[in-house]
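Protein chains in written order, with our numbering: chain A, 1 to 264; chain B, 1001 to 1290. Here a beta-carbon is modelled for each residue, glycine too, at the ideal position from N, C-alpha and C.
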Amino acid sequence: MGKLLLGRYLQGNSFVHRLDPRAKMILCFYFVLIVFLCNNWQTYLLLSATTLLCAVLSKIKLSYFIKGVMPLIWLILFTVLLQVFFTRGGTVYWQFGPLTLTQFGLLNGVFVFCRFVLIIFMSTLLTLTTPPLAIADATESLMAPLKKIKVPVHEISLMLSIALRFVPTLMDETTKIMNAQRSRGVDFSEGSLVKRIKAVIPLLIPLFVSALTRAEDLATAMEARGYRGGEGRTKYRRQIWQLKDTVSLVFFGLVTVGLIFLRN
Amino acid sequence: MSIRLEKMSHTYQVGTPLEEVAVKEVSFEIKNQSFTAIVGHTGSGKSTLLQHLNGLLKPTSGYLTINGHKITPETKNKELGDLRQEVGFVFQFPEAQLFEETVLKDIAFAPKNFGKSEAEALEIAREKAKLVKLPEAVLERSPFELSGGQMRRVAIAGILAMSPKILVLDEPTAGLDPVGRFEMMELFKQLHQKEGLTIILVTHQMNDVANYADHVLVMEEGQLIADTTPKELFSDPSWLKAHHLSLPQTTDFAYQLQQRGISFETLPLTEHELARFLAPKLNQRGKIDG
């Protein structure tokens, strides 16, 4: 649990930290789209430079981003190897049965690698610089137009806020119950697969029971404080769109223009 | 059979931005068959310290020995052997660990994990259920149907069922009513006196420290700031105040009497002691007045 950096928030007060979470979310998704515009080394260079600029602006050490890539490294390498050995075209360097090592294959491999790393870097940047609650608020605000087609936006966003709020609590609870059961002789990390699956029962049942109890308590507490659903509720946490948010959008727009221009 | 910590430290999440030192170079010894209380503020490292006692956590530097098991930063889980069985650990709000279909099965869970047969384990469970005063009628019921206090008893019985030699209690009476609290503490006292268990109790209740413990450790910000007896600890109210700790009610009352001119040799810890001291004085006074 300690290793996974994606989804963690690091406190800070950099330019990126202060951007409107809505802007950050839009940009993050937009970035994932424009990554697919790249098709030669100039375009990848441009996007890498953009990503690096964002990383520097966030004042977060580069090593954290690299740690964010690590859990997914096997998936990335697997995809890269597939690309390298199964793409044909250009000069053939090596051949063995269906496996070929070609100029295009190598190039494709490098591109796929860059694509993965760039996307992970950007999404890590979003979660590292934005508190989970701000992400939930931004989602609600961005989904607001969906109210027109009767999507229960308020309920979804409330669910999201509560879910995010309880992630750390449930993690603590899990550790606590694991410790308690370990003290009673359960071994979570050894034995055959069947044995390990059985060992999860003393963890999962108490966890479900406590989550359900907690939900009931929370619902009662919310009602006691006058909660009656989304109708007529005001907002305490406000998100203010500032000039720098517009500037960031325009900057990404320019990057897109650059990409289209450099692409072949 | 004693417990010894030698310059033991524990740091959480070493090598990350969230690195945090929870226990700093703590050394002390807990004698066999003693009743040790560990007090200190929330976040002073008490719970972290406790989790070392059955190998849930390993020190990041220094070492500890328990019953001849030595735990160093390099110790592997497999080398711990029977340590978990020898050290019974009652966590805060232990009722959160219940999961079996019936109370009896839940109590029998630990002995079964440590190699007892089904029949033996159930026999032990029955015996321990009686020990914690669970009514016969609830034994075949689901633990989730019980009241909070009864669930707590089931959980504690589940730990006692391992027949530990050392019993670690992390605030065992938190959230119980006064009667439940008294009964629970008396149970631990009885286990300590009759079965010779070494008990380590973490608590915020100074009354319990005064009434039951014979050894106190005080933690502050991950460091051990006192290793003494309750008598000694509570004889210095100003030191306690400086470290944001309180006196037991009786001692506090005696202290206030002392400031109004009644002198004590040492401040009494229990109501009994205080009464024994005051009764002759009152008698004397009665004679003078009469």
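Going along chain A, which residues have a C-beta under 7 Å from residue i?
{"i": "residue 1113 of chain B", "result": "184, 185 and 186"}
{"i": "residue 1158 of chain B", "result": "184"}
Indicate whether at least one CB of chain B lies closer than 8 Å to the CB of residue i.
{"i": "residue 181 of chain A", "result": "yes"}
{"i": "residue 157 of chain A", "result": "no"}
{"i": "residue 209 of chain A", "result": "yes"}
{"i": "residue 299 of chain A", "result": "Because residue 299 of chain A is not part of the residues shown, which for chain A are 1 to 264, the question remains open."}
{"i": "residue 71 of chain A", "result": "no"}
{"i": "residue 168 of chain A", "result": "no"}
{"i": "residue 202 of chain A", "result": "yes"}
{"i": "residue 91 of chain A", "result": "no"}
Buried or exposed: which applies to residue i, given that a residue is buried once 16 or more other Cβ atoms fall within 10 Å of its Cβ?
{"i": "residue 140 of chain A", "result": "buried"}
{"i": "residue 204 of chain A", "result": "exposed"}
{"i": "residue 1193 of chain B", "result": "exposed"}
{"i": "residue 1158 of chain B", "result": "buried"}
{"i": "residue 105 of chain A", "result": "buried"}
{"i": "residue 272 of chain A", "result": "Within the shown structure, residues of chain A are numbered from 1 to 264, placing residue 272 of chain A beyond reach of any answer."}
{"i": "residue 18 of chain A", "result": "exposed"}
{"i": "residue 3 of chain A", "result": "Reliability fails at residue 3 of chain A, whose pLDDT of 46 lies under 50, so the model's placement of it is uncertain and the value that follows must be treated cautiously. That one is exposed."}
{"i": "residue 1251 of chain B", "result": "buried"}
{"i": "residue 184 of chain A", "result": "buried"}
{"i": "residue 190 of chain A", "result": "exposed"}
{"i": "residue 222 of chain A", "result": "exposed"}
{"i": "residue 265 of chain A", "result": "As shown, chain A starts at 1 and ends at 264. That puts residue 265 of chain A outside it, with no answer to give."}
{"i": "residue 1086 of chain B", "result": "buried"}
{"i": "residue 40 of chain A", "result": "exposed"}
{"i": "residue 197 of chain A", "result": "exposed"}
Could you tell me whether the Cβ of residue i comes closer than 8 Å to any Cβ of chain A?
{"i": "residue 1274 of chain B", "result": "no"}
{"i": "residue 1110 of chain B", "result": "yes"}
{"i": "residue 1144 of chain B", "result": "yes"}
{"i": "residue 1011 of chain B", "result": "no"}
{"i": "residue 1084 of chain B", "result": "yes"}
{"i": "residue 1234 of chain B", "result": "no"}
{"i": "residue 1150 of chain B", "result": "no"}
{"i": "residue 1051 of chain B", "result": "yes"}
{"i": "residue 1172 of chain B", "result": "no"}
{"i": "residue 1054 of chain B", "result": "yes"}
{"i": "residue 1094 of chain B", "result": "yes"}
Contact check, residue i vs residue j under 8 Å by CB: the rounded distance?
{"i": "residue 85 of chain A", "j": "residue 101 of chain A", "result": "7 Å"}
{"i": "residue 1038 of chain B", "j": "residue 1200 of chain B", "result": "7 Å"}
{"i": "residue 16 of chain A", "j": "residue 125 of chain A", "result": "7 Å"}
{"i": "residue 1053 of chain B", "j": "residue 1003 of chain B", "result": "7 Å"}
{"i": "residue 9 of chain A", "j": "residue 132 of chain A", "result": "6 Å"}
{"i": "residue 1219 of chain B", "j": "residue 1045 of chain B", "result": "5 Å"}
{"i": "residue 1165 of chain B", "j": "residue 1197 of chain B", "result": "7 Å"}
{"i": "residue 1216 of chain B", "j": "residue 1233 of chain B", "result": "5 Å"}
{"i": "residue 1225 of chain B", "j": "residue 1243 of chain B", "result": "7 Å"}
{"i": "residue 1011 of chain B", "j": "residue 1021 of chain B", "result": "5 Å"}
{"i": "residue 1155 of chain B", "j": "residue 1095 of chain B", "result": "5 Å"}
{"i": "residue 1014 of chain B", "j": "residue 1048 of chain B", "result": "Actually they are not in contact, since the Cβ atoms of residue 1014 of chain B and residue 1048 of chain B sit about 14 Å apart, beyond 8 Å."}
{"i": "residue 1176 of chain B", "j": "residue 1131 of chain B", "result": "Not really, about 17 Å apart at Cβ, beyond 8 Å."}
{"i": "residue 123 of chain A", "j": "residue 28 of chain A", "result": "6 Å"}
Taking Cβ-Cβ distances shorter than 9 Å, what residues in chain A pair up with residue i?
{"i": "residue 1098 of chain B", "result": "205, 206 and 209"}
Name the DSSP beta bridge partners of residue i, please?
{"i": "residue 1198 of chain B", "result": "B/1166"}
{"i": "residue 44 of chain A", "result": "DSSP output for residue 44 of chain A lists no bridge partner at all."}
{"i": "residue 1216 of chain B", "result": "B/1037 and B/1228"}
{"i": "residue 1184 of chain B", "result": "Looking at the DSSP assignment, residue 1184 of chain B forms no beta bridge with any residue, so it has no partner."}
{"i": "residue 94 of chain A", "result": "A/101"}
{"i": "residue 1089 of chain B", "result": "B/1168"}
{"i": "residue 19 of chain A", "result": "In the DSSP output, where bridge partners are listed per residue, residue 19 of chain A has none listed."}
{"i": "residue 1021 of chain B", "result": "B/1011"}
{"i": "residue 1065 of chain B", "result": "B/1004 and B/1070"}
{"i": "residue 1029 of chain B", "result": "B/1004"}
{"i": "residue 1223 of chain B", "result": "B/1220"}
Whose Cβ in chain A lies nearer than 8 Å to the Cβ of residue i?
{"i": "residue 1091 of chain B", "result": "176, 179, 180 and 183"}
Does the beta carbon of residue i fall short of 7 Å from some heavy atom of the ligand NAD?
{"i": "residue 223 of chain A", "result": "Absence of the ligand NAD is noted for the structure shown, with no ligands found whatsoever."}
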